[in-house]
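Below is one structure, written out as structure tokens, with a few remarks after it.
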Amino acid sequence: MGAHASYPIIIFNLVSLKSQFQFISDEKFQVVIKELTDYQIYPNSDNDHLPDHVQLAHKLGYKQAKMNQILRDLLRRILDDFNDHPLRIEKSVHIIHISPFTDPEEKNTEWIQRQEEKSISVQVVLPVTPRIGDFIELPFTRNSSGFSSEDKYSYGYVHDVYHFIRGNTQEIVIQVYPRENLYYKWEKMKDEYEDHKRWLARLRAEKERF
């Protein structure tokens, strides 16, 4: 967190970790702690309501260099304090994202746009986290009893499950492809594996030349 520090990321992380503020007693941090305590982090959001470091410096009456240093030091202090005060994850949310796989080389932008319009992302709290290969259906996302091109995607196979720790919340993102079952995931992984092998072979060949 030096010269290339991203202060929007630092502020986002501080607000995410505000439950740890209670363990910080240093006087130099208290004004910033009091200010950031009022903000919230929202899942699956850009969280553009958060202030940036320039706004904070102006509001709190700090010179910019001092504001930046305090933000960096506060985050470092919280991270160093995890050994004594572990971060407690108190809740979880599942984010089901149903969207087709789009080939990076696909040139049909109209088709890509239609797929994006039919994609859907839903936040739920599930008693059981779906596994890779499971089939998921969200019938409440449909508007018609039969097939309709206007409907959002409502079902598919789980291809990936990602876990993100956002402050005291565990976000479980479930990537669902509406048409491709697990065989397609295996094919994609095989292609990636073969690409990686070819890349390693090229590196070895270049080393041997020199």
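Under this note's numbering, the first residue of the sequence shown is numbered 33, with each subsequent residue one higher. Glycine is no exception: its CB is placed at the ideal position from the N, C-alpha and C atoms.
Mapping DSSP to helix, strand and coil, what is residue i?
i	result
K222	helix
Y194	strand
K239	helix
E122	coil
I73	coil
N115	helix
H36	coil
H81	coil
V154	strand
Y94	coil
Could you tell me if residue i is buried or exposed, where buried requires 16 or more neighbouring beta carbons within 10 angstroms of its beta carbon?
i	result
I128	buried
Q96	exposed
G188	buried
K217	buried
S57	exposed
N213	exposed
Y185	buried
Quick one: Cα of residue i to Cα of residue j, how far?
i	j	result
F133	N79	27 Å
A37	I102	13 Å
T201	V125	7 Å
G34	G165	The pLDDT assigned to G34 is 45, lower than 50, so where the model puts this residue is not dependable, and the model offers no usable value.
R241	L235	10 Å
K169	N140	A small fix is needed here, since residue 169 is Glu in this sequence, not Lys. The alpha-carbon atoms of E169 and N140 are separated by roughly 28 Å.
L232	P210	34 Å
D105	A89	15 Å
V154	Q145	19 Å
Strictly by DSSP, which residues pair up with residue i?
i	result
Y209	Y189
T201	K123 and R198
I130	I152 and V208
Just to confirm the assignment, what range does the beta strand (DSSP E) spanning residue i have?
i	result
E169	F167 to E169
By the DSSP assignment, the alpha helix (DSSP H) with residue i in it spans what residues?
i	result
Q62	Q62 to L68
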